[in-house]
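In my numbering, the protein residues as written are 107 to 300. We treat Cβ as the ideally placed atom computed from N, Cα and C, and that holds for glycine. Computed from a prediction, not measured in an experiment: that's the story for all the values here.
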């Protein structure tokens with residue numbers, strides 16, 4: 107009985123996200139990791155390079171891109187440090203946010219071994235990322251605990267090098283759907299294009 111309720115809840119959450127993202131007052135920031143310049147994707151979304159949000163890591167071009175994101179030809183990877191964090195200012199503490207973390211391995215390191223690693227938001231463990239040759243997106247909904255969001259990549263026990271292709275932050279007002287209680291985190295979705 108709990109499983110159908112969970113599936114129905116996740117479906118309603120997804121519908122609310124679509125509804126919220128079409129409302130006036132929702133702000134979006136699209137960060138193309140490893141990119142050096144701003145650009146507009148084929149759907150009209152504005153993207154900015156990531157250099158202003160992080161001071162560590164190296165950049166690389168992918169050898170192939172997903173048909174779903176050919177406009178993301180670069181990654182930022184982190185061969186040094188135990189924790190590497192993006193600091194993304196401009197959200198309002200207490201407002202509801204959605205964070206999308208997008209990974210497109212694209213064999214950027216010529217090893218043909220998509221890595222796994224840990225992902226943290228605002229100092230809290232979010233999930234273990236298992237990348238593949240396909241485009242993968244993790245989505246988290248929460249309330250902003252400060253006036254900035256911290257997205258961190260951490261090596262796991264495999265000691266493989268973490269990387270990221272893009273980060274998208276959507277912010278809605280304090281009274282908007284789809285977020286649960288203050289500071290609570292939920293992995294609302296996981297997408298893989300297999």
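For residue 277 versus residue 132, is the C-beta spacing smaller than 8 Å?
-> Yes, they are a contact pair.
State the Cα-Cα distance for the pair residue 260 and residue 163, rounded to the nearest angstrom.
-> Linking residue 260 to residue 163 through their CA atoms gives a straight-line distance of about 12 Å.
Residue 258 versus residue 269 - alpha carbon distance = 10 Å
Rounded distance between the beta-carbons of residue 139 and residue 273, thought under 8 Å | 7 Å
How is residue 183 classed by DSSP in three states: helix, strand or coil?
-> strand
Touching by the beta-carbon criterion (3+ pairs, under 8 Å), the region 209-219 and the region 187-201 = no
May I have the straight-line CA-CA distance separating residue 191 from residue 144, to the nearest angstrom?
-> Going from the Cα of residue 191 to the Cα of residue 144 covers about 21 Å.
Complete runs of the beta strand (DSSP E) confined to the region 203-269 [at least 3 residues] | Runs found: 222-227, 230-236, 242-249, 254-261.
How is residue 178 classed by DSSP in three states: helix, strand or coil?
-> coil
Is the CB-CB distance between residue 241 and residue 174 below 8 Å?
-> yes
Do the CB positions of residue 148 and residue 177 come within less than 8 Å of each other?
-> Yes, they are a contact pair.
CB-CB under 6 Å to residue 214, same chain, minus the five flanking residues each way: which ones, in chain order?
-> 166, 168, 181
Is residue 152 helix, strand or coil by DSSP?
-> strand
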